[in-house]
Ligand SMILES: Cc1ncc(C[n+]2csc(CCOP(=O)(O)OP(=O)(O)O)c2C)c(N)n1
Ligand code: SF4
Ligand code: SF4
Ligand code: SF4
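Structure representation (structure tokens):
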């Protein structure tokens with residue numbers, strides 16, 4: 010029987026944390042989708058050789074500290090304003106690869122105007138959208154994306170559409186805009202899903218450098234703390250409840 | 408098909424015991440430590456059945472904290 014020592018050699022390496030993701034301990038809760046998406050961002054930037062040319066705009070929300078974990082240049086925007094900040098960064102430095110990283114509260118509530126208008130102007134940026142159907146950072150309040158009947162701290166009996174309105178499929182709205190060239194919905198709960206999501210992210214980044222317009226990659230995600238489930242239960246709940254309402258796949262690819 | 412053998416290294420201090428790697432592993436190689444915890448108090452992942460590992464990397468890919476390094480050889 011071959012021993013572990015004989016297997017653990019550089020030439021046998023098949024997977025390790027991307028180099029751009031540093032060793033700082035991430036503050037995310039155990040199992041949080043944010044971590045997986047961070048790894049994908051780091052991997053894609055590395056594989057494109059854009060380590061020195063990428064500028065991220067981090068949001069207000071749990072991902073506010075993204076700049077501590079991925080070793081590229083970052084700007085931190087006020088709540089919801091990331092696409093406006095990214096617009097300025099990209100217009101002033103068109104040779105840079107610019108993206109925003111936003112939760113659903115940031116992107117689809119307080120930042121709705123900035124999101125829609127950046128996409129409508131066709132800014133050559135990538136918008137990474139983490140849709141966990143809840144405000145994670147502030148303690149699990151209802152978001153525009155919260156599903157009908159879903160319980161949160163501000164709708165403890167479940168979202169009532171008569172009172173709270175309907176869950177917002179903002180990616181579908183954005184897909185209607187002429188400035189958006191690529192709108193896709195992905196997830197990161199299994200290894201095949203993650204590989205697919207990585208391809209989508211790569212295409213989005215390539216679109217931005219090719220000047221094709223705005224690309225938006227939505228990640229249907231979990232927030233085990235806000236949902237009050239274990240990470241494993243959260244993934245199951247997401248597949249059973251989120252995917253029927255937020256179906257995966259490309260909404261637009263031009 | 409050539410036989411393969413894999414092994415993983417878990418950065419136990421970085422691990423948060425989320426169990427997603429355990430769930431993703433097709434060969435039931437991984438488990439969470441039953442008693443032992445790391446400095447942050449998490450029951451970290453380890454190879455409970457090291458002989459079963461096929462080096463598929465599913466555990467490493469799903470780990471949100473990038474704790475797992477995977478190696479594989481063809482026998
Ligand atoms: C101007 C302003 N309004 C409100 C807040 C409070 N606040 C912080 S994070 C957040 C929402 C976070 O939810 P989301 O964008 O979905 O990200 P998540 O934490 O779920 O990743 C809110 C409302 C704030 N920081 N600034
Ligand atoms: S509160 Fe939710 S979104 Fe925020 S880190 Fe925890 S699990 Fe992730
Ligand atoms: S590499 Fe594959 S078989 Fe080995 S522990 Fe990880 S998931 Fe299991
Ligand atoms: S997926 Fe990563 S953080 Fe979660 S238990 Fe496994 S090694 Fe630990």
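Protein chains in written order, with the numbering used here: chain A, 10 to 263; chain B, 408 to 482. Note that CB positions come from ideal geometry on N, CA and C, so glycine has one too. These numbers were taken from a predicted model, which means no experiment stands behind them.
CA-CA distance, residue 15 of chain A to residue 170 of chain A, rounds to 60 Å. Around the C-beta of residue 153 of chain A, 16 or more other C-beta atoms lie within 10 Å, and the residue is accordingly described as buried. Proximity of residue 36 of chain A to chain B, defined by a Cβ-Cβ separation below 8 Å, is not satisfied. Residue pairing for residue 164 of chain A: DSSP places it in a beta bridge opposite A:161.
For the 8 Å CB-CB criterion, residue 95 of chain A and residue 132 of chain A form a contact. The segment 137 to 154 of chain A makes contact with the segment 227 to 236 of chain A, as at least three CB pairs between them are under 8 Å. Within the same chain, and ignoring the five residues on either side of residue 167 of chain A in sequence, the residues whose Cβ sits closer than 7 Å to its Cβ are 158, 159, 160. Apart from the 5 residues on each side of it in sequence, residue 227 of chain A sits with its Cβ closer than 6 Å to the Cβ of 138, 140, 180, 194 in its chain, given in chain order.
Judged by the Cβ position, residue 461 of chain B qualifies as a neighbour of ligand 3 at the 7 Å threshold, a heavy atom of the ligand being closer than this. In this structure, residue 66 of chain A places its C-beta atom within 8 Å of the C-beta atom of residue 84 of chain A. At the C-beta level, residue 40 of chain A and residue 240 of chain A come within 8 Å of one another.
Its Cα nearest to that of residue 33 of chain A, the residue A:74 stands out among A:21, A:62, A:49, A:74. Relative to residue 257 of chain A, the option among A:105, A:205, A:128, A:100 whose CA is nearest is A:205. The segment 11 to 25 of chain A makes no contact with the segment 433 to 442 of chain B; the number of CB pairs closer than 8 Å stays below 3.
Between residue 250 of chain A and residue 478 of chain B, the gap from beta carbon to beta carbon reaches 8 Å or more. Contacts with chain B (Cβ-Cβ distance below 9 Å) from the segment 219 to 246 of chain A involve 233, 239, 240, 241, 244, listed in chain order. Within 7 Å of the CB of residue 468 of chain B, the CB atoms of chain A belong to 24, 200, 203, in sequence order along the chain.
Listed in chain order, the beta strand (DSSP E) elements of length 3 or more contained wholly in the segment 25 to 74 of chain A are 63 to 67.
Judged by beta-carbon spacing, residue 42 of chain A lies beyond the 8 Å limit of residue 457 of chain B, meaning their Cβ atoms are not closer than that value.
In chain order, the residues with a C-beta atom nearer than 6 Å to some heavy atom of ligand 2 are A:37, A:38, A:41, A:43, A:71, A:141, A:145, A:146, A:232, A:233, A:234, A:235.
Between residue 191 of chain A and residue 476 of chain B, the CB-CB gap reaches or exceeds 8 Å. Secondary structure in the segment 452 to 480 of chain B: the alpha helix (DSSP H) runs of 4 residues or longer, each lying completely within the stretch, are 465 to 469 in chain order. In this structure, the C-beta of residue 415 of chain B approaches ligand 3 to less than 7 Å from one of its heavy atoms.
Ligand 4 approaches residue 451 of chain B closely enough that one of its heavy atoms is under 7 Å from the residue's Cβ. The closest heavy atom of ligand 4 lies 7 Å or more from the beta carbon of residue 188 of chain A. Within the chosen limit of 7 Å, ligand 1 reaches the beta carbon of residue 69 of chain A through at least one heavy atom. For residue 439 of chain B, the nearest beta carbon of chain A is not closer than 8 Å to its own beta carbon. Within chain B, no residue has its beta carbon less than 9 Å from that of residue 135 of chain A; the closest one is some 21 Å off. Measuring C-alpha to C-alpha distances from residue 99 of chain A to each of A:218, A:229, A:244, A:242 identifies A:218 as the nearest. Taking 8 Å as the cut-off, the Cβ atoms of residue 79 of chain A and residue 469 of chain B do not count as close.
Burial check for residue 467 of chain B: the Cβ neighbour count within 10 Å reaches 16 or more, so the residue is buried. Bridge pairing for residue 194 of chain A: A:227, A:258 [DSSP]. Look at residue 68 of chain A: its C-beta is not under 8 Å from any C-beta on chain B. With its beta carbon less than 8 Å from one in chain A, residue 412 of chain B belongs to the interface.
The secondary-structure analysis by DSSP pairs residue 150 of chain A across a beta bridge with A:144.
In this structure, residue 213 of chain A and residue 196 of chain A do not form a Cβ contact; the two beta carbons are roughly 15 Å apart against a cut-off of 8 Å.
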